[in-house]
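Participant: Numbered per the working numbering, the sequence shown spans residues 1 to 296.
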Amino acid sequence: MKALVTGGAGFIGSNLVESLVDNCEVTVLDNFHTGSKGNLATVSKDITVIKGSCNGCLNFGLEPEVIFHLGIPSSSPMYRKDPFLVGEAINGMVAIMELARRSETKKVVFASSSSVYNGVPIPHREDAAILVTDYYTEARLAIERIAELYHQLYGINYAGLRFFSVYGPHEKAKKSYANMITQFLWTMKEGKAPVIYGNGEQTRDFTYVKDIVDALILTSRRGSGIYNAGTGRAYSFNQIIDLLNDKLGTDIKSEYLPNPIKNYVMHTLADTHKIADLGFYPKYTLSEGMDELLKE
């Protein structure tokens, strides 16, 4: 099986590549904006790495049987700094679907986001009415609709995964865009106080990256449409700090600041029934995921 992984040198992409190489001939397409070659250092078999943009994917002579499209700007602050990323994300998706159409790709699996549920009551279901809140979420919703359009027009099979607060190894290249668990850990390892906006009672459905990899591979083989990829459990930032203190053997207090972000996401919690029907069940508890992260 020939697999193309866009954003394959990034956080989630590189973890996915590590799992794919035993059964697939893998090509990575990455512009290395938030990825790094170091993330691929642990890959056990030879892969092809192309430095370039998803928008130019038609220029590389690729004929993948399955596409994992993760090479999309992946953080809301990126889009606030540069709203034109919305167009870049949409154009990149069109290019990927055109590649799928021309190369007769069997399946396109792509990254959407739980951020689309901002303001929607929890637990979040895939059929929820989505509000207008952010550049980032508008880009992801447009991508989902483009996938459905190509399915209707050309019969291209797809699965879009709405990731819920993914954390794990290989986040260093993301720097300030890394998951909050990872950012808190980096800060606390230096003996510094983690900074929290508000009172720390905002909650997230934190999902370990290896579980996300399992969801990506599963939906490349079965299912069609949009799926939540989360655990169905949520934890507050205060709980995260307490757990990290326990694991690090420290007693570091958080620094609380007024929240400057408009339309801030206060709570996320996945309804996982739809993806569970495909056979997906997260393997890692929050504590187990943190233990794996601490090994990095």
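Positions of the beta carbon are idealized from the N, C-alpha and C atoms, including for glycine.
Nothing here was measured: the structure is a model prediction, and the numbers come from that model.
Tell whether a beta-carbon distance below 9 Å holds between Glu255 and Ala178.
Facilitator: The answer is no: Cβ separation not under 9 Å.
Participant: Out of Gly200, Lys295 and Phe11, which has the shortest C-alpha to C-alpha gap to Lys174?
Facilitator: For the residues Gly200, Lys295 and Phe11, the minimum Cα distance to Lys174 belongs to Phe11.
Participant: Is there contact between the stretch 181 to 200 and the stretch 140 to 147, where contact requires at least three CB pairs shorter than 8 Å?
Facilitator: The answer is no - the stretch 140 to 147 does not touch the stretch 181 to 200, with fewer than three Cβ pairs under 8 Å.
Participant: I'd like to know if the stretch 275 to 288 and the stretch 215 to 224 are in contact, where contact means that at least 3 CB-CB pairs between them fall below 8 Å.
Facilitator: Touching, yes.
Participant: Just the C-alpha distance for Asn259 and Arg101, rounded to the nearest angstrom, thanks.
Facilitator: Computed Cα separation, rounded: 44 Å.
Participant: Who pairs with Asn228 in a beta bridge, going by DSSP?
Facilitator: Per DSSP, Arg162.
Participant: Measure from the alpha carbon of Ala270 to the alpha carbon of each residue in Asn199, Asn118 and Ser224, then state which is nearest.
Facilitator: Ranking the options by Cα distance to Ala270, first place goes to Asn118.
Participant: Tell me, to the nearest whole angstrom, how far the beta carbon of Tyr167 is from that of Tyr208; I am working on the premise that it is less than 8 Å.
Facilitator: That belief holds up - the Cβ atoms of Tyr167 and Tyr208 are roughly 7 Å apart, short of 8 Å.
Participant: When the Cα of Lys107 is compared with those of Glu296, Asp251, Gly225 and His273, which residue comes out closest?
Facilitator: Checking every option, the nearest Cα to that of Lys107 belongs to Gly225.
Participant: State buried or exposed for Glu63, treating a residue as buried only when at least 16 other CB atoms are found within 10 Å of its CB.
Facilitator: When all chains shown are included, Glu63 counts as exposed.
Participant: Excluding the five sequence neighbours on either side, which residues of its own chain have a C-beta within less than 7 Å of the C-beta of Asn263, listed in chain order?
Facilitator: Asn118, Thr133 and Asp134, listed in sequence order.
Participant: Could you give the distance in angstroms between the alpha-carbon of Ile156 and the alpha-carbon of Leu243?
Facilitator: If I take the Cα positions, the gap works out to 44 Å.
Participant: So is His69 buried or exposed if we call it buried at 16+ other beta carbons inside 10 Å?
Facilitator: That one is buried.
Participant: Within 10 angstroms of the Cβ of Thr137, are there 16 or more other Cβ atoms? Answer buried if so, exposed if not.
Facilitator: Its Cβ being crowded by 16 or more others within 10 Å, Thr137 is buried.
Participant: Who are the Cβ neighbours of Lys274 in its own chain at under 6 Å, not counting the five residues just before and after it?
Facilitator: Closer than 6 Å at the Cβ level, and outside the excluded window around Lys274, lie Glu126 and Tyr227.
Participant: Provide the residue span of the beta strand (DSSP E) that contains Ile50, from first to last.
Facilitator: Per DSSP, Ile50 belongs to the beta strand (DSSP E) from Thr48 to Lys51.
Participant: Mind checking which residues open and close the alpha helix (DSSP H) that includes His151?
Facilitator: Segment Tyr135 to Tyr154, the alpha helix (DSSP H) holding His151.
Participant: Take the Cβ of Glu201 as the centre, count every other Cβ of all protein chains shown within 10 Å, and call the residue buried at 16 or more, exposed below.
Facilitator: Looking at its Cβ environment, which holds fewer than 16 other Cβ atoms inside 10 Å, Glu201 is exposed.
Participant: Gly289: which of Gly7, Thr6, Ile181 and Gly232 sits nearest, CA to CA?
Facilitator: Nearest C-alpha to Gly289: Ile181.
Participant: Taking buried to mean at least 16 other C-beta atoms within 10 Å of its own C-beta, is Asp246 buried or exposed?
Facilitator: Exposed.
Participant: Counting pairs of beta carbons, one from the stretch 37 to 51 and one from the stretch 5 to 23, are three or more of them closer than 8 Å?
Facilitator: Cβ pair count under 8 Å is three or more, so yes.
Participant: What ranges does the alpha helix (DSSP H) occupy inside the stretch 53 to 107, keeping only unbroken runs of at least 4 residues that lie completely in it?
Facilitator: Qualifying alpha helix (DSSP H) stretches, in chain order: 76 to 81 and 85 to 103.
Participant: Leaving out five residues before and five after His33 in sequence, what residues of the same chain have Cβ atoms less than 8 Å from its Cβ?
Facilitator: Contacts found: Pro73.
Participant: Report the option in Leu20, Asn15 and Ser14 whose CA atom is closest to the CA atom of Met1.
Facilitator: Per the Cα distances, Leu20.
Participant: Quick one: what's got a C-beta closer than 6 Å to Ala139's C-beta in the same chain, skipping five residues either side?
Facilitator: Only Val86 and Ala89 meet the Cβ criterion.
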